[in-house]
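The listed protein sequences correspond, in order, to chains S and V.
For what it's worth, the working numbering labels the leading residue of the first sequence as 240, then goes sequentially.
For what it's worth, the working numbering labels the leading residue of the second sequence as 240, then goes sequentially.
For reference, the structure discussed in these notes is given below.
Number of protein chains: 2
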Amino acid sequence: MTTRACRRDVTIVGAGPVGIVLAILLAQRGYEVDVYEGHPDPRVNPRPGGRSINLTLAERGWQGLRAAGLEDVIKAMSLPLRGRMIHAADGELRFHPYTPAGDSIYSVPRSELTKRLLDFAEEYPEVSIRFGHHCRAVDVEACTVSIVTSGGERIDARPSRVLAADGAFSSVRRSLLRNPGFSFYQRLSPISYRELRVPPTAAGEFAFAPHALHLWPRGEGMIVGFPNLDRSFTISVFMPTQGETSFASLSDRRTLEAFMFTSCGDLLAHMDDVAHDFFNGTPAPLLSSGCAPWVHGGWLALIGDAAHTLVPFLGQGLNAGLEDCRTLAECLDDANDRWDKALAVFEDERLANGEAVIGLAEKHFDELARGARDPLFLVRRVIEERLHAIAPDRFVPLYTMVAFGSRPYREIAAVRARQEALLDRLMSVPDIGDRLHDEEIWRLARSELNALETVDESLVSDLEEALPLGALHPVATVT
Amino acid sequence: MTTRACRRDVTIVGAGPVGIVLAILLAQRGYEVDVYEGHPDPRVNPRPGGRSINLTLAERGWQGLRAAGLEDVIKAMSLPLRGRMIHAADGELRFHPYTPAGDSIYSVPRSELTKRLLDFAEEYPEVSIRFGHHCRAVDVEACTVSIVTSGGERIDARPSRVLAADGAFSSVRRSLLRNPGFSFYQRLSPISYRELRVPPTAAGEFAFAPHALHLWPRGEGMIVGFPNLDRSFTISVFMPTQGETSFASLSDRRTLEAFMFTSCGDLLAHMDDVAHDFFNGTPAPLLSSGCAPWVHGGWLALIGDAAHTLVPFLGQGLNAGLEDCRTLAECLDDANDRWDKALAVFEDERLANGEAVIGLAEKHFDELARGARDPLFLVRRVIEERLHAIAPDRFVPLYTMVAFGSRPYREIAAVRARQEALLDRLMSVPDIGDRLHDEEIWRLARSELNALETVDESLVSDLEEALPLGALHPVATVT
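Structure (structure tokens):
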């Protein structure tokens, strides 16, 4: 082992939730951790107009925070959501619990979470966070990291290890793009988003029920409301960038307000000035991206959104990132802090899971959008719910597997592919739409369900051969 | 139809072979064509150290040139290659004809081809080529193209239509990367390349047989020699960037010459100063890339390498690009010059074929590399050759389908997948390596061959569902 390999310093690029939790996990293992963050300290200079969608923490996220000893404190600032509240255009509400057992995901504003995590990280003398330090590039051969401070100073650092947690538009990843053997893809969705806010009511109460994720599904678009601890709601508007009902078509105050009035009047009634927020800045397209390898030169690894960027509809972006953190810490423990080995095992475990969840998130959105267009798809959903009712343990909904457990994403993708195949077979029954009350159909379904075996490793590898890593359309658009 | 749609001007970005042939095809249809090329005129200022691999023209390339009336003149400056000449380390030679019928591909240096095509294009008064005009970006919404001249002047053009033929590192494509709905991927191979030259012998003759593509397969790397009309050979060295025998390990004159002496002495004997060319510049990694959509805003289309960049081992890069040109011209004819319709049909026909050939080229290289590592893979190749011998029309080699016909690449990919499945089944016979003379094996093979039906459209769509567009590993490395 070289002297370098014995040194106990680690550099983390990016002080978002993933970078900070990673810093804490490493400090707890006795590492000296330098964190470089291009933006100013959000506790001192809050970022105006940040674009992040509200975060939801699910089981994988909690496991990561638990490993860092942070579960309770973060739970205390989060709001549990027990299901989805669907808002119809006429104001009718339907509540769908996530699970019969009452499992919850938790809503937390990204900015609040980040600030709280920063406070905790700074309690560790091993952690030093440098704000206004933008990492421009890495040189894998020369083992250097180029940093530019907000004052324009240039620093060339030579850290022993670098973990790049610098997000969906990672500068570290960009500087790897011309390296032999490096692959990268990105898929920009035709769907963009804007964030709005619903304040507490005049009486100081939540405008909508606080125990639910609120959904206004509207054609190709969708509005999502997340409750916050201060009794406000963060509202994410997802819509096509171009087209009949789109960010381009809702181009002035009057058109926007007319659209909101007819399609989600109950939401409009609670907003101060929808047009102000809506037109303040440009909508940003949703994005998937992935790359390989994640580990470079044995000393540099991509992690979190820098390694795998998800569209938000499964709510797994941060959860997957925190699962990365926990896995890396476990790999270090298992390898007795031999980083080359730990990073190799980390990549081996996580890259395929990252690819799987990128694909699951895209497919989930495809299904949401398809449901809006295709009446037959609603039949498919009815069948799906019925199958779950018939065999709750054998036919588990995708969202339940993803959010309320920590089964590896690639296994979930394999299970889901089997479910889809079963649904395809049932949907191919002639006139299936008219036969949902026909007991013969459900006898057929029961026999098929009995054939759905537990997914084992061999099935996963079979499926990965048929559907190789990243098979989820590098060139297909997200919808 | 707007006035704009009636205008007959077209802008082409890039004066490589694809851009120029496109300009000629459009001029022949009465369009006014402006071609912008960032580099200077190669007939006046030859580019030193250009990186392009020698080009080979096959059936699809000739069809494109034939459509432009250029087949004969280009054939006259190309050398027909009837097969591959394999050079062993001890100098032993084996010649493999491409087909029993004696079909040839044609070798032509890229620079000579480009210069000749430029001369032809300039015979059309409709074509105006502006060298030293670099297209920096396009704005799809504003319908503008930003150009910077070599003198630093900035021009904002508003052409009616733009065809971006600006190659593997397309600036037009780069400026689309943040557009909603646009997807892009690139895979850099761990294999890089350098170009060298073997001059004619002292007697003015070819150093090696001129009717063949010369191959020195060496472990993970490979050297390829292309004869030129001036009796020189262009030599492309493909090797891992890093590793035991790699561009990194052959880092000085002595190591390089020792390697060449022991592994390809017959080649070294004909070179003036291998080290000079080898160390003059850095090796460039091979690259695949793809994107979607190709058509933007109804007025801008990507074409050739800008739309689909291939690794070179099937020799299809230019051929696919010229097939694009011919297809676009036919689409315009069929649509009576309604560009919106023509571009939509063009994308519909070509995008899936572009994806298919990107994948075929990568898989072909995988197979070449795997053959060097895996003795069982040689057994597979023997079986493959035998299957072709048993059923020449039913089991056609991949290279024959790709190079000596114009069957759509996506159909070829589907046929190839069936062939691979058959090979997998035969390879799964226990002890297959020892049983190649066992007649029972070939009886089995014959019955399987009889089951290999003609590939029809339904098979293609089945396969594309199993293996969606671009399924060929956005995150897997090329080897």
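Glycine included, each C-beta is placed from N, C-alpha and C at the ideal position.
Counting only beta-carbon separations shorter than 7 Å, does residue i have a partner in chain B?
i	result
S/P419	Structure shown: chain B not included; protein chains present are S and V.
With a threshold of 7 Å between beta carbons, is residue i in contact with chain S?
i	result
V/Y424	yes
V/S697	Because V/S697 sits at a pLDDT of 49, beneath the cut-off of 50, its placement in the model cannot be relied upon, and the following sentence gives the value as read from the coordinates. Output row for V/S697: interface = no.
V/P524	yes
V/L427	yes
V/T480	yes
V/D248	no
With 16 other CB atoms within 10 Å as the buried threshold, where does residue i fall?
i	result
V/N689	exposed
V/F408	exposed
S/V283	exposed
S/R649	buried
V/F552	buried
S/T295	buried
V/H676	exposed
V/E623	buried
S/N575	exposed
S/L592	The sequence given here has Asn at residue 592 of chain S, not Leu. Under this definition S/N592 is a buried residue.
S/I773	Residue 773 of chain S lies beyond the residue range present for chain S, which begins at 240 and ends at 718; the question has no answer from this structure.
V/G255	buried
V/N293	buried
S/V654	buried
S/E696	Here S/E696 scores only 48 on pLDDT, less than 50, and its place in the model should not be relied on; the value that follows carries that caveat. That one is exposed.
S/A446	buried
Going by the beta-carbon positions, is the gap between residue i and residue j smaller than 7 Å?
i	j	result
V/Y275	V/C374	yes
S/V401	S/L539	yes
V/I344	V/A642	yes
V/V272	V/A266	yes
S/V384	S/A396	yes
V/G406	V/A545	yes
V/L526	V/T548	yes
V/E483	V/V534	no
V/S399	V/D248	yes
V/L661	V/E687	yes
S/G537	S/D579	yes
S/M478	S/S485	yes
V/G303	V/L626	no
Can you find a C-beta in chain V that's less than 7 Å from the C-beta of residue i?
i	result
S/S431	yes
S/T473	no
S/T734	In the structure as shown, chain S starts at 240 and stops at 718, and residue 734 of chain S therefore has no counterpart that could be examined.
S/T494	no
S/I251	no
With distances taken from CA atoms, which of the options is nearest residue i?
i	options	result
S/V252	S/Q267, S/P449, S/S410	S/S410
S/Q555	S/W533, S/A595, S/W578, S/A581	S/A595
S/D516	S/D605, S/R492, S/L662	S/R492
V/P281	V/G330, V/L320, V/L356	V/L356
S/T338	S/P419, S/V635, S/A574	S/V635
S/A181	S/N467, S/S428, S/L665	Only positions 240 to 718 of chain S appear in the structure, and residue 181 of chain S is not among them; the question remains open.
S/N558	S/S645, S/G391, S/R625	S/S645
V/L617	V/F334, V/G406, V/H450, V/G672	V/G672
V/S346	V/N467, V/G371, V/A630	V/N467
S/V312	S/N293, S/E331, S/P348, S/F359	S/F359
V/I394	V/M640, V/R369, V/R619	V/R369
S/R323	S/G300, S/P449, S/C382	S/P449
V/L320	V/E678, V/E569, V/V621, V/A451	V/A451
| said: Contact between the stretch 419-438 of chain V and the stretch 463-474 of chain V is defined here as three or more beta-carbon pairs at a separation below 8 Å; is this criterion met? | reply: yes
Check your understanding: Would you call the stretch 557-567 of chain V and the stretch 303-311 of chain V in contact, with 3 or more CB pairs under 8 Å?
Key -> yes
**Asked** Do the stretch 527-538 of chain V and the stretch 413-432 of chain V meet, that is, are 3 or more Cβ pairs less than 8 Å apart?
**Response** yes
On the three-pair Cβ rule with 8 Å, is the stretch 445-463 of chain S touching the stretch 448-464 of chain V? no
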